[in-house]
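**Q**
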Amino acid sequence: MNFSEQTLARFAQEVAKYPADQKQSAVMACLAIVQHEHGHVSPEAEEGIAQVLGMPPIAVHEVTSFYNMYNQQPVGKFKLNVCTNLPCQLRHGQAALDHLCHTLGVEPYGTTADGRITVQPSECLGACADAPVLLVNDRQMLSFMTGPRLDELIDTLKKA
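At position 103 of the sequence shown (counting the first as 1) the number is 148 in this note's numbering, and the numbers step up by one without a gap.
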């Protein structure tokens, strides 16, 4: 993938934070830059980052695929990560995921027909006492997301 000069300059700013022989340490920052610009990280972008950082493409892909915050395919304007790890499961995390999917008419990892909302399961979000929890666009944590609160969220997102 050919990155713009502006993108390459942003990569260089991140690489400069590390010793010259450890520029691969900037991989997460570079992935975040690409995702911010394109909405997701394509295999071509992974290869481009690998070239810039002098590392194997599979090493970049390992990072992309390990973390929920990197979208490997296009997602909706709103991405809802629903924690389905054990503590949330014990407090109806799977029911929250199922409720969202049923209400929106999507499967897990699916996006609504209008392209606005993507729903996906997530690993632990670190708020077990507030289960079930979900994360909106990798930024906003919402707690105690039972059916009525989920319906309210869906209504709010549809109006946004």
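For every residue, glycine included, the Cβ atom is placed at its ideal position computed from N, Cα and C.
Would you decide whether Q118 is buried or exposed? Buried here means 16 or more other CB atoms lie within 10 Å of its CB.
**A** By the neighbour-count rule (16 or more Cβ atoms within 10 Å), Q118 is not buried but exposed.
**Q** For the alpha helix (DSSP H) holding L98, just list the boundary residues, first then last.
**A** Where L98 is concerned, the enclosing alpha helix (DSSP H) stretches over 88-98.
**Q** Can you tell me which of the three DSSP states F123 falls into?
**A** Strand at F123.
**Q** Using the three-state DSSP reduction, which class does M114 fall into: helix, strand or coil?
**A** Coil, per DSSP.
**Q** Looking at the structure shown, is M186 part of a helix, part of a strand, or coil, going by DSSP?
**A** Correct three-state label for M186: strand.
**Q** If we count Cβ pairs, one from each stretch, closer than 8 Å, do we get three or more for the region 116-133 versus the region 74-85?
**A** With the cut-off at 8 Å, the region 116-133 and the region 74-85 touch.
**Q** Going along the chain, which unbroken runs of the beta strand (DSSP E) with 3 or more residues stay wholly within the region 128-180?
**A** Those beta strand (DSSP E) runs which fall completely within the region 128-180 and span 3+ residues are 162-167.
**Q** Rounding to the nearest angstrom, what Cα-Cα distance links A74 and E59 in this structure?
**A** When rounded, the distance between both Cα atoms is 7 Å.
**Q** Relative to the C-alpha of D159, which residue among R55, L149, A57 is closest?
**A** Residue L149 is the option with its Cα nearest to D159.
**Q** Just to confirm before moving on: does the CB-CB distance between P166 and V108 stay below 7 Å?
**A** In this structure, V108 does not lie closer than 7 Å to P166 by Cβ.
**Q** Checking 7 Å against the spacing of the C-beta atoms, do G179 and L98 come in under that value?
**A** Going by the sequence as given, residue 179 is Leu instead of Gly. Contact flag unset, no.
**Q** Where does the unbroken alpha helix (DSSP H) through A57 begin, and where does it stop?
**A** Unbroken alpha helix (DSSP H) run through A57: 50-60.
**Q** Helix, strand or coil for A205 per DSSP?
**A** Note: A205 maps to coil in three-state DSSP.
**Q** Measure the beta-carbon distance from H147 to P177 and round it to whole angstroms, keeping in mind my assumption that it falls under 8 Å.
**A** Contact doesn't hold; Cβ gap of about 15 Å is too wide.
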